[in-house]
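To keep things clear, I will list the structure first and then write my remarks on it.
There are 2 protein chains.
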Amino acid sequence: MDSASPQGFIFGTASGGFKTPGRRDLALVVSEVPAATAGFFTSNLFKAAPVLAGMERIRERRTGRAILVNTGQANACTGEEGLANCRETLALIASALHLEEGEILPASTGVIGQHLLMDRWRAAVPELIRDLGRSSLKDVAEAIMTTDAFPKYAVERVALSGGEIILAGAAKGAGMICPNMATTLSLVLSDAAAAAGIWRRMLARAVRRTFNRVTVDGDTSTNDTLYGLANGASRVPVRGKAEERLVEEALDRLLGKLAYMLVQDGEGASKVLHIRVRGAAGARDAEKAARTVGHSQLVKTAMYGQDANWGRIVAALGRSGAAFSPAEVRVSLCGVELFRNERPVSPEADALLAKPLQERDLELDIVLGGGPGEYRLLASDLGHEYVDVNAGYRS
Amino acid sequence: MDSASPQGFIFGTASGGFKTPGRRDLALVVSEVPAATAGFFTSNLFKAAPVLAGMERIRERRTGRAILVNTGQANACTGEEGLANCRETLALIASALHLEEGEILPASTGVIGQHLLMDRWRAAVPELIRDLGRSSLKDVAEAIMTTDAFPKYAVERVALSGGEIILAGAAKGAGMICPNMATTLSLVLSDAAAAAGIWRRMLARAVRRTFNRVTVDGDTSTNDTLYGLANGASRVPVRGKAEERLVEEALDRLLGKLAYMLVQDGEGASKVLHIRVRGAAGARDAEKAARTVGHSQLVKTAMYGQDANWGRIVAALGRSGAAFSPAEVRVSLCGVELFRNERPVSPEADALLAKPLQERDLELDIVLGGGPGEYRLLASDLGHEYVDVNAGYRS
Chain W
1 MDSASPQGFI FGTASGGFKT PGRRDLALVV SEVPAATAGF FTSNLFKAAP VLAGMERIRE
61 RRTGRAILVN TGQANACTGE EGLANCRETL ALIASALHLE EGEILPASTG VIGQHLLMDR
121 WRAAVPELIR DLGRSSLKDV AEAIMTTDAF PKYAVERVAL SGGEIILAGA AKGAGMICPN
181 MATTLSLVLS DAAAAAGIWR RMLARAVRRT FNRVTVDGDT STNDTLYGLA NGASRVPVRG
241 KAEERLVEEA LDRLLGKLAY MLVQDGEGAS KVLHIRVRGA AGARDAEKAA RTVGHSQLVK
301 TAMYGQDANW GRIVAALGRS GAAFSPAEVR VSLCGVELFR NERPVSPEAD ALLAKPLQER
361 DLELDIVLGG GPGEYRLLAS DLGHEYVDVN AGYRS
Chain V
396 MDSASPQGFI FGTASGGFKT PGRRDLALVV SEVPAATAGF FTSNLFKAAP VLAGMERIRE
456 RRTGRAILVN TGQANACTGE EGLANCRETL ALIASALHLE EGEILPASTG VIGQHLLMDR
516 WRAAVPELIR DLGRSSLKDV AEAIMTTDAF PKYAVERVAL SGGEIILAGA AKGAGMICPN
576 MATTLSLVLS DAAAAAGIWR RMLARAVRRT FNRVTVDGDT STNDTLYGLA NGASRVPVRG
636 KAEERLVEEA LDRLLGKLAY MLVQDGEGAS KVLHIRVRGA AGARDAEKAA RTVGHSQLVK
696 TAMYGQDANW GRIVAALGRS GAAFSPAEVR VSLCGVELFR NERPVSPEAD ALLAKPLQER
756 DLELDIVLGG GPGEYRLLAS DLGHEYVDVN AGYRS
């Protein structure tokens with residue numbers, strides 16, 4: 001694991017005691033100079049207070065100085081009071097660091113429907129400020145965890161004509177312990193010198209190709225947020241389309257690693273299903289097919305049960321709404337062709353797949369026809385651990 | 396349980412030994428006179444051979460004489476040979492009863508991807524014919540079971556100006572033992588005298604209001620079929636719109652009972668969630684909201700865990716694609732209001748719901764706003780039994 005960090009960022013973590021006493025549940029990322037910002041938010045109509053405040057900041061300013069994250073309380077479904085509390089936490093940091101409140105981007109995750117414990121915030125902020133420069137990106141990745149089994153962070157380096165830039169990211173996974181909902185929070189930091197317009201465009205495409213192509217249970221939370229800061233501290237500019245493409249490819253790799261870790265660590269997940277749909281009439285058909293298969297409870301339980309159940313895959317394709325001719329469909333799992341010409345290929349498939357299906361990563365290749373449409377999706381399986389995690393009574 | 400049967404129908408059952416030796420897995424319903432037919436089929440692009448043959452018959456003829464059902468083999472994903480086998484089974488019956496092959500409607504359920512065992516069919520048909528008139532509708536309901544825990548049948552009587560008519564129905568539930576898929580098969584019989592046009596129209600509306608509003612896991616099989624026969628043996632006609640409405644209301648009750656039994660007996664289901672969405676901008680928005688909640692793994696596991704987890708319900712509404720204003724949303728579970736004005740209503744809700752959530756039937760009422768759109772959906776929960784049933788290796 002590359003422990004490099006983009007230049008010009010400092011990190012702080014602290015314990016606010018929001019849920020588990022003593023655990024570091026506050027993280028602060030500060031850029032030494034104003035950084036180009038980017039923000040991507042949940043499409044859920046119920047948006048948490050920090051999502052509403054973050055959207056406003058991204059809309060109104062093109063640069064920012066800091067990201068403030070807490071776990072333990074989602075500050076979702078908390079109304080006007082929640083929004084006022086969110087603003088107060090930002091004001092506390094702004095005042096300590098002599099920044100404007102609008103330069104700080106907020107994110108929260110945790111129990112929904114409860115108000116932020118403002119007394120604990122006021123007590124914890126001085127500790128958080130004191131810690132600035134002492135924590136690492138890994139500490140931040142640990143502080144933003146809720147029920148994640150391991151911290152998720154990654155680094156990419158890109159050589160451009162002006163020198164090397166570094167991209168780093170941290171994410172928290174799908175913690176679905178009641179009454180939390182699947183919430184992903186991610187930070188992407190770079191010392192590249194890029195205008196906000198370019199930075200946002202590159203990141204938007206990378207998010208579409210990575211984070212928007214994973215599913216644990218198809219539920220979208222009130223709090224999903226991804227922030228990006230590019231502060232130019234490397235003094236290396238992203239020059240022209242060719243270099244933009246290089247950075248975008250590195251963002252794809254970086255976010256791809258984080259997205260994979262989210263599915264791998266999805267609560268109750270034992271498998272990562274790599275679904276690839278090709279030959280669809282269009283990209284939209286390919287996506288429909290991939291998502292229907294990736295969300296099918298019957299396919300997910302079959303993968304959990306290590307069962308090469310092509311019938312369920314085919315049935316999910318058939319109800320997906322994607323337009324295709326059944327006669328052209330081919331399905332392969334872990335490299336073994338299971339279905340072609342509307343029929344199972346071979347009675348030996350089960351024997352051939354017994355061993356590959358024991359692996360964590362399963363490749364599912366689906367060809368719908370001869371069209372250009374293609375889509376990839378990472379999906380988790382569905383087993384007893386999922387039920388255990390999600391049927392437990394809230395505590 | 397009303398054991399009345401519509402006049403002019405006789406029933407036969409037999410053991411073909413298709414899967415479990417000795418078990419009655421063949422059922423035949425014969426109308427003594429030509430009956431108006433109706434047929435409703437899976438929307439899955441992969442349609443089983445009996446679905447293709449049944450669709451053809453419903454399209455080309457308005458009357459029919461018999462319905463032939465087998466369990467143990469779905470005859471799905473079996474190509475041209477599967478279709479030829481299906482036709483041969485119909486020809487065997489037609490020849491024995493001096494009917495035309497086209498007058499018999501086929502339905503199959505069971506293991507997909509395997510061909511019908513034609514030798515066993517040929518051996519079993521004489522037994523099936525001999526049994527005609529000896530079996531009851533209940534025997535038919537038992538013969539078409541796969542992994543259903545109990546036979547599903549119901550009867551309704553309707554007093555019309557010309558006398559009484561009887562409606563009777565039998566259904567098999569969502570048997571999802573690998574590699575079967577959720578397959579529903581249903582028969583609706585009546586001795587009413589109704590033209591095929593009216594019969595089909597009445598039944599179509601009743602199916603839309605009942606069978607199309609249940610979900611166990613959101614998967615649609617290759618074999619879903621509902622056939623209706625109205626043979627006029629009561630000599631009681633359905634006169635005018637008012638009587639049509641009476642019959643349609645009885646069909647709603649009949650199919651409603653069968654649909655409820657399907658969810659109640661959904662494999663691995665311990666709860667029946669009665670979802671009612673009101674106040675949506677339109678019926679389409681209400682349906683989107685109801686289906687997203689009913690299919691949400693997080694909502695289903697919470698119901699299994701007897702957890703009044705309004706956050707998951709609200710989050711599902713927010714991602715459903717239904718248009719609404721979050722500030723107007725209200726959510727009640729088992730008569731206890733949980734969410735209003737974008738906030739939880741009361742900290743006592745959990746205590747109030749502890750007992751009601753132990754019941755099998757849970758009422759979930761959702762108000763999206765002040766619009767006219769309304770939708771009802773029955774959904775099952777998701778627990779360990781579902782995983783056990785669906786992750787087990789095929790045998």
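One line per chain: the protein sequences are W and V, in this order.
In terms of our numbering, the first sequence opens at residue 1 and continues consecutively.
In terms of our numbering, the second sequence opens at residue 396 and continues consecutively.
Where is the CB? At the ideal position from N, CA and C, for every residue including glycine.
Alpha-carbon spacing of residue 445 (chain V) relative to residue 501 (chain V), whole angstroms: Distance from the CA atom of residue 445 (chain V) to the CA atom of residue 501 (chain V), rounded to whole angstroms, is 5 Å.
Per the contact definition of three or more C-beta pairs closer than 8 Å, is the region 464-484 of chain V in contact with the region 505-513 of chain V? yes
In chain order, which continuous runs of the beta strand (DSSP E) of length 3 or greater are located wholly inside the region 299-357 of chain W? 330-333, 336-340
Closest to residue 338 (chain W) by C-alpha separation, out of W:309, W:385, W:358, would be which residue? W:309
Assign residue 510 (chain V) to one of three DSSP states: helix, strand, or coil. coil
Check residue 493 (chain V) in the structure and name its three-state DSSP category. coil
With DSSP collapsed to three states, give me the class of residue 415 (chain V). coil
Members of the region 728-741 of chain V that neighbour chain W once the beta carbon cut-off is set at 8 Å: 734, 736, 737, 738, 739
For residue 756 (chain V), I'd like the list of residues in its chain whose CB is within less than 6 Å of its CB, leaving aside the five on either flank, ordered along the chain. 667
Coil, strand or helix - residue 662 (chain V) by DSSP: Correct three-state label for residue 662 (chain V): coil.
Chain V within 8 Å of residue 304 (chain W), Cβ atoms only: For residue 304 (chain W), the answer is yes, since a Cβ of chain V falls inside 8 Å of its Cβ.
Suppose you measure from the CA of residue 131 (chain W) to the CA of residue 33 (chain W); what does that come to, to the nearest Å? The straight-line gap separating the alpha-carbon atoms of residue 131 (chain W) and residue 33 (chain W) is approximately 19 Å.
Which ranges would you report for the beta strand (DSSP E) in the region 137-169 of chain W if only whole runs of at least 3 residues count? 152-160
Just checking my contact of residue 216 (chain W) with residue 277 (chain W) at CB under 8 Å: how many whole Å lie between their CB atoms? Not really, about 19 Å apart at Cβ, beyond 8 Å.
Does the Cβ-Cβ distance between residue 407 (chain V) and residue 530 (chain V) come in under 8 Å? A contact, by the Cβ cut-off of 8 Å.
Please name the residue in W:154, W:29, W:104, W:326 whose C-alpha comes closest to that of residue 54 (chain W). W:104
Looking only at DSSP bridge pairs, what is residue 770 (chain V) linked to? V:672
With 8 Å as the threshold, decide whether the Cβ of residue 493 (chain V) is near any Cβ in chain W. no
Check distances from the C-beta atoms of the region 498-513 of chain V to those of chain W and list, in chain order, the residues that come in under 8 Å. 507, 508
Any chain V beta carbon closer than 8 Å to residue 177 (chain W): Model confidence at residue 177 (chain W) stands at a pLDDT of 32, short of 50, so the residue's coordinates are unreliable and nothing is read from them.
Note down, in chain order, all residues in the region 432-452 of chain V with a beta-carbon under 9 Å from any beta-carbon belonging to chain W. 437, 438, 439, 440, 441, 442
For residue 107 (chain W), the first and last residue of its enclosing beta strand (DSSP E): Per DSSP, residue 107 (chain W) belongs to the beta strand (DSSP E) from 104-108.
Identify the residues that DSSP records as bridge partners of residue 588 (chain V): which are they? V:632
For residue 756 (chain V), the three-state DSSP class (helix, strand or coil): strand
Given a cut-off of 8 Å on the beta-carbon distance, is the pair residue 487 (chain V) and residue 535 (chain V) in contact? no
List the residues of chain C that residue 146 (chain W) touches, going by C-beta distances under 8 Å, in chain order. Chain labels in this structure do not include chain C; the protein chains are W and V.
Could you tell me the distance, in whole angstroms, from the CA atom of residue 630 (chain V) to the CA atom of residue 588 (chain V)? 6 Å
Report yes or no: is there a C-beta of chain W within less than 8 Å of the C-beta of residue 592 (chain V)? no
Cutoff 8 Å: residue 789 (chain V) Cβ touching any chain W Cβ: Low confidence applies here, because residue 789 (chain V) scores a pLDDT of 48, under 50, leaving its location unreliable; read the following figure in that light. With 8 Å as the cut-off, residue 789 (chain V) counts as an interface residue toward chain W.
Would a check of beta-carbon distances place residue 293 (chain W) closer than 8 Å to chain V? no
Inspect the CB distances between the region 702-720 of chain V and the region 673-693 of chain V and report whether three or more fall short of 8 Å. At 8 Å Cβ cutoff, the stretches touch.
Along the beta strand (DSSP E) that carries residue 63 (chain W), what are the first and last residues, could you check? 63-70
Could you tell me if residue 579 (chain V) is buried or exposed, where buried requires 16 or more neighbouring beta carbons within 10 angstroms of its beta carbon? Classification for residue 579 (chain V): buried.
Within the 8 Å Cβ cut-off, does residue 331 (chain W) reach chain V? Cβ-Cβ to chain V under 8 Å: no for residue 331 (chain W).
Under 8 Å, Cβ to Cβ, is there at least one residue of chain V near residue 324 (chain W)? yes
Contact with chain W by residue 786 (chain V), beta-carbon distance below 8 Å: yes
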